[in-house]
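Each remark here refers to the structure printed beneath this line.
Protein chains in written order, with this note's numbering: chain A, 1 to 293; chain B, 1 to 694.
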């Protein structure tokens, strides 16, 4: 492990990225206050990439993937984690070199490491979204996803946005040279010489939520809630309220994810649920873009 | 002679797109140069190179300017309507006074002298470059700053040098692409490079860590691996040359690092270790002399200074170990459950909504395998065959396959072997491991009876199943990879010498699906689909589209692909030889006469022997009768049939030399045409020789 005093803490990584992107023309916004499976679900991104208006934002997004929980026992897997998300529309010309400089801001120098742009075309079946780009690897480890968004809700993005997603835990593990996500140093309180670790903040939560996600979540309630969110979303769209309608898609999507981790959705059923969410998202996007133009 | 030199700079283009696109670009550029006669020598050739960021084109024997020329162009007749005459003048761009009158075939026409002024080569190429970059056919492409312009990844800069002079490309502005006359070094060197000509460009790039030749990057990797292997007494496998090409296509300057697998993981099945290394990380595994996996592997990094080698190697090892730890966890977990007990879990995994679960699929595989064994008359232990079929899909319920789907089959084979299934022999474990082969063109086909029967049964089930429920691939979509399944079936049949008529076979097994509403299904459609894949396979084996086309006339319909294959190979050999070439020539001559005369008169199919006059006519007709008999008699001895066909050469040649077709007596003329038509028909029973290019 690196000496504790000089190590870049988890919160330093966030600060540095925020300050870097702030200097590079981004508005630092706050996360969506709902459970989402990826930073892309944030309405400022999911809907914001549509339409002609330019948009440069960055934010931290807490992210939930119920099925990825491992009761706090796996050194690499979490059901709740953080993404740092950057969205730039239109795509700046020298974005690749800005991105490499952003890595330097968190002490990853591309001249000293092997930064690899590995082909990885991104697709989100629930969002009806797709993009081309790369998975960014640093010395073999995936640290970031870099995508030129081509489509969302089945609608072509014009202009095209670039979306950069940093996996904050992965980055921290790499920078701090730790092998277990719970060993990440979140903060060093220099006055009291006290180290706060990821474990101190989230281990218990991982244990409890893994139980909830895999064992205790009430599936009847979730199935019903899914249906309710679906009809609510449709009603809101009839009243031209795409923003609240989209939040209902987000909720429905999260319920679906928990049902999936409870193992109560069969393969064929799975497809039909994904299709239901995608149809809702598509309608939200269409309603939103009508208002935008 | 002038030098042309173009660099097209993008962000990282995936390896699988690079070569195809650079070749398309080169072909189009080549066509522009040939069509506009800009080449200064007969052996004109464009050199091209590519890296993940660059497409580079270079050639040094172009002329500076097209030759000027004068052409006399025939216009409308003098008495043609005014509009026609005006149109002609306008087209050529001269005045009416400049027109000349001249007689031509008993009529007077206007003629114009048209002076074509040679244009500068650089202008012509420049104009065409926009067309070229807009017309490339990317298998996958994207937009970034223009609403319709697409490229594999964002296109950054293009420059075009002609005669050491930068030629500005103004159209690039419309696509937000730069037109800087300089290039950039390797990203890690981070410099702008200026140069006067191609050689200087190449040298400067090399000094700043860009090797523009893909092959040289490959060689560098191979050389350093072989040096390392010698010192450790280990080997690189030939089958991993593709992995070297891939790695060379991901970097501009390979730095080669060697990592080591932690000994704790060396007890895992070798294929699992290999799959993780290759599929996840593009690492190149190295082997001991006995072909067992060694603990060393190769990491190809993009250029990096030596002082950072150690840290980067360690980081990569750590990533690999985390993946191995996952695999090891699943492996131990999966072994806890008895393999046969997984059978009940199989019905929970759906194969397809309409085709049921994997349990259903497995049952069908059992039935198909049994019919196959009977049809092929293979000596195959039926207990073992049923056991292999029964076990074949069980590994789909394991954690390892969920985590490493590409290892399906292999995992099952290992688990079964480890747990020693009752009644199972080595053949069964091998069949489980090989049941998905061949997956791609580089994979070997299973050779063991049990293995290929299992693989064939599985693929036939998939293919027939999806055709029965009308899930047929379209031009762009093949979600169930049926083309790949079809190719696998054909290769197994050909490479294992399996005599099977697929049409009746498929008809025989349709009932096992128990599907309602299959009235729209026709086995014929499936055979046509297989035939299309078969053509593709033959083309990829021989690289000769014309021979494939000649072989598949519209009448071809045969579901015995082994026979078709042998017939095709015989043809392919035949036309390489002198006799074959002569037959192509004579076929062409006969076809010309029949086509031209056939427009004027009806040609009967039958020959009237009473109308035969010349000796050579009699000989030719007799020869034809003889050949037709032999074709009927020999059936599958294609060598003999082709020998017989080539013996047509002499009588046919004598016929052409001595018998006049175009005689005044129409009855005789018609009869002679019928002889030629019969020659054509006879040849066509083998192939349409007119489609073969020399």
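C-beta: ideal position from N, C-alpha, C; glycine also.
Measure the C-alpha to C-alpha separation of residue i and residue j and round it to an integer number of angstroms.
i	j	result
residue 1 of chain A	residue 178 of chain A	Any reading at residue 1 of chain A is ruled out, since the residue's pLDDT is 47, under 50, leaving its predicted position unreliable.
residue 91 of chain B	residue 75 of chain B	10 angstroms
residue 36 of chain A	residue 64 of chain A	6 angstroms
residue 27 of chain B	residue 454 of chain B	44 angstroms
residue 198 of chain B	residue 58 of chain B	7 angstroms
residue 162 of chain B	residue 33 of chain A	59 angstroms
residue 66 of chain B	residue 117 of chain B	8 angstroms
residue 158 of chain A	residue 50 of chain A	7 angstroms
residue 692 of chain B	residue 531 of chain B	20 angstroms
residue 584 of chain B	residue 525 of chain B	32 angstroms
residue 160 of chain B	residue 95 of chain A	25 angstroms
residue 242 of chain B	residue 229 of chain B	18 angstroms
residue 291 of chain A	residue 147 of chain B	21 angstroms
residue 105 of chain A	residue 314 of chain B	23 angstroms
residue 191 of chain A	residue 126 of chain A	47 angstroms
residue 39 of chain A	residue 84 of chain A	8 angstroms
residue 631 of chain B	residue 570 of chain B	14 angstroms
residue 190 of chain B	residue 109 of chain A	13 angstroms
Apply the 10 Å Cβ neighbour rule to residue i and answer buried if 16 or more other Cβ atoms are within range, or exposed otherwise.
i	result
residue 245 of chain A	buried
residue 203 of chain B	exposed
residue 576 of chain B	exposed
residue 78 of chain A	buried
residue 316 of chain B	buried
residue 206 of chain A	buried
residue 12 of chain B	buried
residue 334 of chain B	buried
residue 16 of chain B	exposed
residue 528 of chain B	exposed
residue 183 of chain B	buried
residue 114 of chain A	buried
residue 655 of chain B	buried
residue 316 of chain A	Because residue 316 of chain A is not part of the residues shown, which for chain A are 1 to 293, the question remains open.
Kindly indicate if chain A contains any beta-carbon less than 8 angstroms away from that of residue i.
i	result
residue 14 of chain B	yes
residue 693 of chain B	no
residue 312 of chain B	yes
residue 308 of chain B	yes
residue 527 of chain B	no
residue 264 of chain B	no
residue 137 of chain B	no
residue 143 of chain B	yes
Take residue i as the anchor and find which of the options has the nearest alpha-carbon.
i	options	result
residue 686 of chain B	B:672, B:645 and B:650	B:645
residue 28 of chain A	A:209, A:238 and A:57	A:57
residue 225 of chain A	A:254, A:96 and A:238	A:254
residue 344 of chain A	A:128, A:198, A:176 and A:156	With chain A running from 1 to 293 in the structure shown, residue 344 of chain A is simply not present.
residue 50 of chain B	B:335, B:214 and B:534	B:214
residue 120 of chain B	B:371, B:470 and B:4	B:4
residue 100 of chain B	B:114, B:564 and B:653	B:114
residue 212 of chain A	A:258, A:137 and A:276	A:258
residue 154 of chain B	B:563, B:604, B:612 and B:10	B:10
residue 236 of chain B	B:461, B:386, B:367 and B:286	B:286
Going along chain D, which residues have a C-beta under 9 angstroms from residue i?
i	result
residue 179 of chain B	Within the model displayed, chain D is absent; protein chains A and B are what it includes.
I want to see whether chain B comes within less than 8 angstroms of residue i, judged by CB atoms only; does it?
i	result
residue 104 of chain A	no
residue 140 of chain A	yes
residue 132 of chain A	yes
residue 117 of chain A	yes
residue 158 of chain A	yes
residue 125 of chain A	no
residue 1 of chain A	Low confidence applies to residue 1 of chain A: its pLDDT is 47, below 50, so where it sits in the model is not reliable, and the reading given next is rough at best. No, residue 1 of chain A lies away from the interface with chain B (no Cβ there is under 8 angstroms from its Cβ).
Between the region 387 to 407 of chain B and the region 502 to 516 of chain B, can you find at least three pairs of beta-carbon atoms closer than 8 angstroms?
no
Is the region 78 to 97 of chain A in contact with the region 163 to 178 of chain A, if contact means three or more CB pairs nearer than 8 angstroms?
Because the criterion of three Cβ pairs below 8 angstroms is met, the region 78 to 97 of chain A and the region 163 to 178 of chain A touch.
Could you tell me whether the region 292 to 299 of chain B touches the region 248 to 268 of chain B, using the rule of 3 or more Cβ pairs below 8 angstroms?
yes
State whether the region 18 to 25 of chain B contacts the region 37 to 57 of chain B, with contact taken as three or more CB pairs (one from each stretch) at a distance under 8 angstroms.
yes
Determine contact between the region 121 to 135 of chain B and the region 161 to 175 of chain B, defined as no fewer than three beta-carbon pairs at a distance below 8 angstroms.
Per the Cβ contact rule, the region 121 to 135 of chain B is in contact with the region 161 to 175 of chain B (3 or more Cβ pairs under 8 angstroms).
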